[in-house]
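Q: Below is one structure. I have some questions about it.
Chains as they are written, first to last, in this note's numbering: chain A, 667 to 859; chain B, 1123 to 1231.
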């Protein structure tokens, strides 16, 4: 964060860019969903967008996140996230299919806990969602940096604790991926014996 | 609508239905809430996405296709959130996952 006057003004322009960018996305969404392009319907759209923007900007805590450049700066990486997530989902589906359709369901559930340094709350939410959609893991609880995760098999748990997924998400949001998964352990009452 | 288009979309929809079937069997067969949730989250999300992709191919480039793609994006975002809310509620309430050892014990009796 630079403290010179020009840095200050670029900060406002970033949040202004956010404002108009968000309004444009909302209006585009309205246009796609409505499919009617006369003055009346577009007018309704503008009113709806106005209400949504007002509701969002008066909600507490949104102002800081709006000023966070890192959110906007890494949007261009999302096209790489979707195919990666799709592959993970197909792998996950295949694994559950094998387990469910085999006569003796070969599963050995356990609960693991680990910590992950993610740049901001959006990254944390993305990581929790990705954990749920990647093979054999289901996020149970997210508390700051601490994640508690249910895993279908011991191997799924070990793969999660290696941290490839957490590193992927951290890099997606422009962090180095260091300390993406640390302090990993199986919870005491579920330890392998 | 070309034959190839129909073939691809029917293929995608059939695959989607089979995946949904597996998800349903999983919900019935798996032993406890948490492992059933695995079947409900990953498998159903993938199944619905395959179904909607089949519809996208039928529809071709149109406004309806854009709506379907938005629906896919929404499902990818909302399904894991809903599943996390359920799993978190069960976990915090004190539900504990089924374990392999327990089954070994009851079978040994």
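By construction, the Cβ of each residue, glycine as well, lies at the ideal position given by its N, Cα and C atoms.
This structure is a prediction, so every number in the text was calculated from the model and none was measured.
#1: With a cut-off of 8 Å, do at least 3 Cβ pairs link the stretch 713-721 of chain A to the stretch 686-704 of chain A?
#2: What separation, rounded to the nearest whole angstrom, lies between the Cα atoms of residue 837 of chain A and residue 1124 of chain B?
#3: Give a yes or no on contact between the stretch 1140-1149 of chain B and the stretch 797-815 of chain A, applying the rule of three or more CB pairs nearer than 8 Å.
#4: Reducing DSSP to helix, strand and coil, say where residue 1211 of chain B ends up.
#5: Roughly how many angstroms lie between the CA atoms of residue 1135 of chain B and residue 1174 of chain B, to the nearest whole one?
#6: Find out if the Cβ-Cβ distance for the pair residue 1208 of chain B, residue 1159 of chain B is shorter than 9 Å.
#7: First and last residue of the beta strand (DSSP E) that includes residue 816 of chain A?
#8: Taking only runs that begin and end inside the stretch 744-776 of chain A, name each unbroken alpha helix (DSSP H) of 4 or more residues, in chain order.
#9: May I ask you to report which of helix, strand or coil DSSP gives residue 825 of chain A?
#10: What does the Cβ neighbour count give for residue 744 of chain A, buried or exposed, with the cut at 16 atoms within 10 Å?
#11: Are any of the Cβ atoms in chain A nearer than 9 Å to that of residue 1126 of chain B?
#12: Tell me the rounded alpha-carbon separation between residue 677 of chain A and residue 1165 of chain B.
#13: Can you find a CB in chain A that lies within less than 9 Å of the CB of residue 1203 of chain B?
#14: Using only alpha-carbon positions, find the residue among A:797, A:784, A:767 and A:710 that is nearest to residue 751 of chain A.
#15: State the beta-bridge partners of residue 852 of chain A as determined by DSSP.
#16: What do you reckon, are the CB atoms on residue 698 of chain A and residue 1171 of chain B nearer than 9 Å?
#17: Taking C-alpha atoms, which residue in A:775, A:764, A:769 and A:811 lies nearest to residue 1220 of chain B?
#18: Enumerate in chain order the residues of its own chain whose CB-to-CB distance from residue 667 of chain A is below 6 Å, with the five nearest sequence positions on each side excluded.
#19: Chain D partners of residue 777 of chain A, CB-CB under 9 Å?
#20: Is the CB-CB distance between residue 757 of chain A and residue 847 of chain A below 9 Å?
#21: Please name the residue in A:816, A:831, A:829 and A:696 whose C-alpha comes closest to that of residue 1088 of chain B.
#22: With a threshold of 16 other CB atoms inside 10 Å of the CB of residue 842 of chain A, please say whether the residue is buried or exposed.
#23: Check whether the Cβ atoms of residue 778 of chain A and residue 827 of chain A lie closer than 9 Å to each other.
#24: Do the CB positions of residue 1147 of chain B and residue 806 of chain A come within less than 9 Å of each other?
#25: When the Cα of residue 829 of chain A is compared with those of A:700, A:719, A:813 and A:683, which residue comes out closest?
#26: At a Cβ cut of 9 Å, what residues of the stretch 1152-1177 of chain B count as close to chain A, listed as they run along the chain?
#27: In angstroms with no decimal places, state the Cα-to-Cα distance between residue 1215 of chain B and residue 1182 of chain B.
#28: Quick one: give me the first and last residue of the beta strand (DSSP E) that residue 805 of chain A is part of.
#29: Taking residue 1197 of chain B as the reference, which of A:722, A:762, A:741 and A:755 has the closest Cα?
#30: Check whether the Cβ atoms of residue 1202 of chain B and residue 795 of chain A sit closer than 9 Å, and answer yes or no.
#31: If you count every other CB in all the chains shown that lies within 10 Å of the CB of residue 784 of chain A, and 16 or more means buried, which is it?
#32: Where does residue 773 of chain A land, buried or exposed, given buried means 16+ other C-beta within 10 angstroms?
A: Based on what the coordinates show:
#1: Result yes; three or more Cβ-Cβ pairs closer than 8 Å.
#2: Residue 837 of chain A and residue 1124 of chain B have their C-alpha atoms roughly 42 Å apart.
#3: Too few Cβ pairs lie closer than 8 Å, so no.
#4: Collapsing the DSSP output to three states places residue 1211 of chain B in a helix.
#5: When rounded, the distance between both Cα atoms is 8 Å.
#6: It is a contact, given that the beta carbons lie within the stated cut-off.
#7: Per DSSP, residue 816 of chain A belongs to the beta strand (DSSP E) from 812-817.
#8: Fully enclosed alpha helix (DSSP H) runs of 4 or longer: 744-767.
#9: Residue 825 of chain A sits in a helix when the DSSP states are folded into three classes.
#10: In summary, residue 744 of chain A is exposed, with fewer than 16 beta-carbon neighbours lying within 10 Å of its beta-carbon over all protein chains present.
#11: With 9 Å as the cut-off, residue 1126 of chain B does not count as an interface residue toward chain A.
#12: Any reading at residue 677 of chain A must be qualified, since the residue scores a pLDDT of 49, below 50, and its modelled position is unreliable; the value itself is stated next. Here the C-alpha atom of residue 677 of chain A lies approximately 43 Å from the C-alpha atom of residue 1165 of chain B.
#13: So, interface residue.
#14: Checked all of A:797, A:784, A:767 and A:710; the closest Cα to residue 751 of chain A is A:797.
#15: Among the bridge pairs identified by DSSP, residue 852 of chain A is matched with A:778.
#16: Note that the C-beta distance between residue 698 of chain A and residue 1171 of chain B is not below 9 Å.
#17: Nearest in C-alpha terms to residue 1220 of chain B, of all of A:775, A:764, A:769 and A:811, is A:775.
#18: Bear in mind that a pLDDT of 37 at residue 667 of chain A, under 50, signals an unreliable position, so the model cannot answer this.
#19: Of the protein chains in this structure, namely A and B, none is chain D.
#20: Not in contact: residue 757 of chain A and residue 847 of chain A (Cβ atoms no closer than 9 Å).
#21: What is shown of chain B runs 1123 to 1231, which leaves residue 1088 of chain B out entirely.
#22: Exposed is the label assigned to residue 842 of chain A, since fewer than 16 other Cβ atoms lie within 10 Å of its Cβ.
#23: Going by C-beta atoms, residue 778 of chain A is nearer than 9 Å to residue 827 of chain A.
#24: In this structure, residue 806 of chain A does not lie closer than 9 Å to residue 1147 of chain B by Cβ.
#25: Of A:700, A:719, A:813 and A:683, the residue nearest in Cα terms is A:813.
#26: Residues of the stretch 1152-1177 of chain B with a Cβ closer than 9 Å to any Cβ of chain A, in chain order: 1152, 1153, 1154, 1156, 1157, 1159, 1160, 1161, 1163, 1164, 1165, 1167, 1168, 1169 and 1171.
#27: Whole-angstrom Cα-Cα distance: 47 Å.
#28: Under the DSSP assignment, residue 805 of chain A falls in the beta strand (DSSP E) whose first and last residues are 803-809.
#29: Distance from the Cα of residue 1197 of chain B is smallest, within the candidate group A:722, A:762, A:741 and A:755, for A:755.
#30: Contact: yes.
#31: Within 10 angstroms of the beta-carbon of residue 784 of chain A lie 16 or more other beta-carbons, which makes it buried.
#32: Burial is judged here by how many other beta carbons sit within 10 angstroms of a residue's own beta carbon; residue 773 of chain A has at least 16 and is buried.
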